[in-house]
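Worksheet for the structure shown next.
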Amino acid sequence: MNHGATARHAADSTPIIEGVERRRFGVAVWSSIIWIGLVSLAAVLAGVLPLYDPSDTRAGIPLSVPTSRNWLGTDELGRDLLSRTIYGARVSLVVGLSAVLLSTVVGGMLGLMAGFYRKRFESITLFFADVLLAFPSLLLAVSIVAFSNSRGVATVVMAIALLYLGPTVRIVRALTLSTANREFVTAAEALGATPRRIIFRELMPNVMPALLSMAMVAVAGAMIAEGGLAYLNLSVAPPSPTWGAMMAAGKAKVDRSLYPVLVPAGAMFLTVLAITLIGDYIQGHQQRGGGAI
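This is how it looks when you write it as structure tokens:
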């Protein structure tokens, strides 16, 4: 009797526990979406929002704590931290999204063709992917930016995109190999479909869900990489503020005020965490749905 009651109680409570976990995870994902939306909206509308000029050294007293005039305080030169953090989001988001988009498009196409055509094209593609993977990631980006004549957004995007090109080629090629042997691809080949049609109509739609979930997590990593380059003074050149450059500038005065480091570090932490949670949700949803997002 007791065992039966226990079993019924466990059966009744399991859906409740699972529902609570789903709701809790849903709150985290929705909070992440809201945060990313707010950061993106603020970055896009920074020019029309009532903010101080991010380079204005007369915005407040240097190293001021948060006040009604400077909501997040000021840095060592008296520049408003709220304004600089919002303008810095522009660089971080643009670099992160552009670098991952570039590596996803180029690496995705190379991986698809390597997995479909095989033979010499596959060998050459994998060789270059392995060369990129052999370099320590941050060292490769530092070398590209340091030896270039420009520290513009395009240079930083190219440097970070190369970090993800090798892994993208490898992963997409493996996904293509597993998909190319399925019945619908064999049927398309038997019906005389061209290689271009098979790649774009049969293989790509089945590779895209996994590639999308990987790209979401890669955006977070690309933003961290940009922050690391900026911390080393190798990202976008001043006067454009970046979160990494703000942390690098604030570390010299950290004994007098934590805000010049804490504010951009907190913004980067929350943004990277939000993107990672959204990427994990997409990946989990894809796995539960059998590959469909």
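Under my numbering, the first residue of the sequence shown is numbered 53, with each subsequent residue one higher.
Quick reminder that beta carbons are idealized off the backbone N, C-alpha and C, glycines included.
>> So if DSSP puts residue 126 in a beta bridge, which residue, or which two residues, is it bridged to?
In response: As a working mapping, residue 126 is identified with position 74 in the sequence shown. Its beta-bridge partners are 132.
> Where are the alpha helix (DSSP H) runs, 4 residues long or more, that stay fully inside the segment 266-324, in chain order?
Replying inline: 295-302
> Counting Cβ pairs closer than 8 Å, one from the segment 123-140 and one from the segment 207-221, do we hit at least three?
Replying inline: Touching, no.
> With 16 as the cutoff for other CB atoms within 10 Å, does residue 162 come out buried or exposed?
Replying inline: Counting from 1 along the sequence shown, the entry for residue 162 is found at position 110. Its Cβ being crowded by 16 or more others within 10 Å, residue 162 is buried.
>> For residue 417, tell me which candidate among 146, 240, 137, 231 has the shortest Cα-Cα distance.
In response: Lying before the first or after the last residue shown, residue 417 is absent from the chain, which here runs from 53 to 345.
> With distances taken between CB atoms, is the gap from residue 387 to residue 150 smaller than 9 Å?
Replying inline: Outside the displayed range of the chain (53 to 345) lies residue 387, so it cannot be described from this structure.
>> If contacts are defined as beta-carbon pairs under 8 Å, then residue 138 and residue 90 qualify, I think. What distance do you get, rounded to the angstrom?
In response: Sequence index remark: in the sequence shown, residue 138 carries index 86 (1-based). Sequence index remark: in the sequence shown, residue 90 carries index 38 (1-based). Between residue 90 and residue 138 the Cβ distance is about 10 Å, and since that is not below 8 Å, they are no contact.
>> Measuring alpha carbon to alpha carbon, tell me which residue in 256, 167, 188 is nearest residue 178.
In response: As a working note, residue 178 is residue 126 in the sequence shown. The option with the nearest alpha carbon to residue 178 is 167.
>> Rounded to the nearest angstrom, what separates residue 94 and residue 296 at their Cα positions?
In response: The residue given as residue 94 occupies position 42 in the sequence shown. The residue given as residue 296 occupies position 244 in the sequence shown. Answer to the nearest angstrom: the Cα atoms are 19 Å apart.
> If you pair each beta-carbon of the segment 104-117 with each one of the segment 293-312, do three or more pairs fall below 8 Å?
Replying inline: yes
>> What ranges does the alpha helix (DSSP H) occupy inside the segment 142-203, keeping only unbroken runs of at least 4 residues that lie completely in it?
In response: Counting whole runs of 4 or more residues, the segment 142-203 contains the alpha helix (DSSP H) stretches 171-186, 189-198.
> If you draw a straight line from the C-alpha of residue 152 to the C-alpha of residue 279, how long is it?
Replying inline: In the sequence shown, counting from the first residue as 1, residue 152 sits at position 100. In the sequence shown, counting from the first residue as 1, residue 279 sits at position 227. Their Cα atoms are separated by approximately 15 Å.
> Using CA coordinates, which residue listed in 160, 98, 234, 298 is at the minimum distance from residue 263?
Replying inline: Counted from its first residue, the sequence shown places residue 263 at position 211. Taking only the C-alpha atoms, the option nearest residue 263 is 160.
> Can you tell me whether residue 14 is buried or exposed, with buried defined as 16 or more other CB within 10 angstroms of its CB?
Replying inline: No answer is possible for residue 14: it lies beyond the span of the chain, which begins at 53 and ends at 345.
> Does the beta-carbon of residue 235 have 16 or more other beta-carbons within 10 angstroms, so that it is buried, or is it exposed?
Replying inline: Here residue 235 is taken as the residue at index 183 of the sequence shown, counted from 1. When all chains shown are included, residue 235 counts as exposed.
> Can you tell me the Cα-Cα spacing of residue 418 and residue 336, whole angstroms?
Replying inline: Here the chain covers residues 53 to 345 and nothing more, so residue 418 does not appear.
> Does the beta-carbon distance from residue 143 to residue 313 come in below 9 Å?
Replying inline: Counting from one through the sequence shown, the residue named residue 143 turns up at place 91. Counting from one through the sequence shown, the residue named residue 313 turns up at place 261. No. Outside cutoff.
>> Taking the alpha-carbon of residue 191 as reference, which of 106, 105, 284 has the nearest alpha-carbon?
In response: Mapped onto the sequence shown, residue 191 falls at position 139. Of the candidates 106, 105, 284, the one whose C-alpha sits nearest the C-alpha of residue 191 is 284.
> residue 219 lies in the alpha helix (DSSP H); which residues open and close that run?
Replying inline: Taking the first residue of the sequence shown as position 1, residue 219 is located at position 167. Its alpha helix (DSSP H) spans residues 205-232.
> Apart from the five residues just before and just after residue 299, which ones in its own chain have a Cβ nearer than 7 Å to its Cβ?
Replying inline: Locating residue 299 in the sequence shown gives position 247, where the first residue counts as 1. Excluding positions up to five away in sequence, the list reads 283, 313, 316, 317.
> In the structure shown, what three-state DSSP assignment does residue 113 receive?
Replying inline: Stepping through the sequence shown from its first residue, residue 113 is reached at position 61. If DSSP states are grouped into helix, strand and coil, residue 113 belongs with coil.
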